[in-house]
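Here's the structure we're looking at; comments come further down.
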Amino acid sequence: MWEGIQAAHHVGFDPLKLNVVVIPGMNDHEVEAMAALTIERNWHVRFIEFMPIGNESLFLDKGWIDSEMLRHRIRTKFGLTEGTVKGNGPADVFQIPGAKGTLGFISQMSECFCDRCNRVRLSADGWLRPCLLNETGQIDLKTALRSGVSTSVLHQQVQQLLAAKVEINFKQREAGTTTGYARTMSQIGG
Ligand code: SF4
């Protein structure tokens, strides 16, 4: 993996953005090393809390590590300040003092931001979903496009979906998905 990351940098990905999903017992020992990559490089490392969508036991066992715990570990080893670079996405941006790069934290499990979420997702099977965990109102774009539905009609449908999104947003993700929702993140396309 490290060779691949270096190859991406060599062919021009600069700054390089690395998304890191930390899973307890699997890669949580690498957190400080990943953070240290930003000290001498203008790279953006983003820690994303693992979302055990579709897996109730991992919800119950808390199969993720809170961003605040990761920040505590990094702060203890290197120091940590709020970054001056603001991203466009849901990440909270921090920096190791004097570092060239930044550290982002996406804390969708421990600090639910559903009430301000502006994300929609196109699933691997062609549905435009207003929310990862709530399929209400989703649009079957693949079938519509293949059957010749005009783009102006689709434009209108998407606008209506975006207008309704704030009501659709899940807002209780820390409680898990106990209502028969069984698709995993990889099936959704995440
Ligand atoms: S669960 Fe839905 S509303 Fe909440 S952050 Fe994810 S996509 Fe956005």
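Numbered according to our numbering, the sequence shown spans residues 4 to 193.
Ideal Cβ positions, reconstructed from N, Cα and C, are used throughout, including at glycine.
Taking just the CA atoms, how far does H13 sit from T181? With a pLDDT of only 49 at T181, under 50, the local geometry of the prediction cannot be trusted, and the value read off the model is given with reservation. Approximately 45 Å between the Cα atoms of the pair.
Between which two residues does the beta strand (DSSP E) containing G151 stretch? No beta strand (DSSP E) contains G151, which DSSP labels as neither H nor E.
Whose CA, out of C117, I51 and G28, lies closest to the CA of L21? I51
Considering only residues of the same chain and omitting the five flanking positions on each side of D118, which have a CB-CB separation below 7 Å? N172 and K174
Kindly give me the distance between the Cβ atoms of S126 and S70, rounded to whole angstroms, as I take these residues to be in contact under 8 Å. The pair is not a contact, with the Cβ atoms about 26 Å apart (cut-off 8 Å).
Less than 6 Å between C-beta atoms, sequence neighbours within five positions excluded: which residues of the same chain meet that for W130? Counting only Cβ-Cβ distances below 6 Å, and skipping sequence neighbours, we find Q141 and D143.
For C115, which option in L106, G82, L136 and G101 has the closest C-alpha, if you only look at C-alpha atoms? L136
Could you check whether G104 and V96 sit closer than 8 Å to each other, using their CB atoms as the reference points? No Cβ-Cβ contact shorter than 8 Å links V96 with G104.
Considering only heavy atoms of ligand 1, does any lie closer than 7 Å to the CB of Q111? yes
Assuming A94 contacts R49 under a Cβ cut-off of 8 Å, what Cβ separation, rounded to an integer in Å, is found between them? 5 Å
Buried or exposed: which applies to P100, given that a residue is buried once 16 or more other Cβ atoms fall within 10 Å of its Cβ? exposed
Mind checking whether I199 and A38 have CB atoms under 8 Å apart? The question about residue 199 has no answer here: the residues shown for the chain are numbered 4 through 193.
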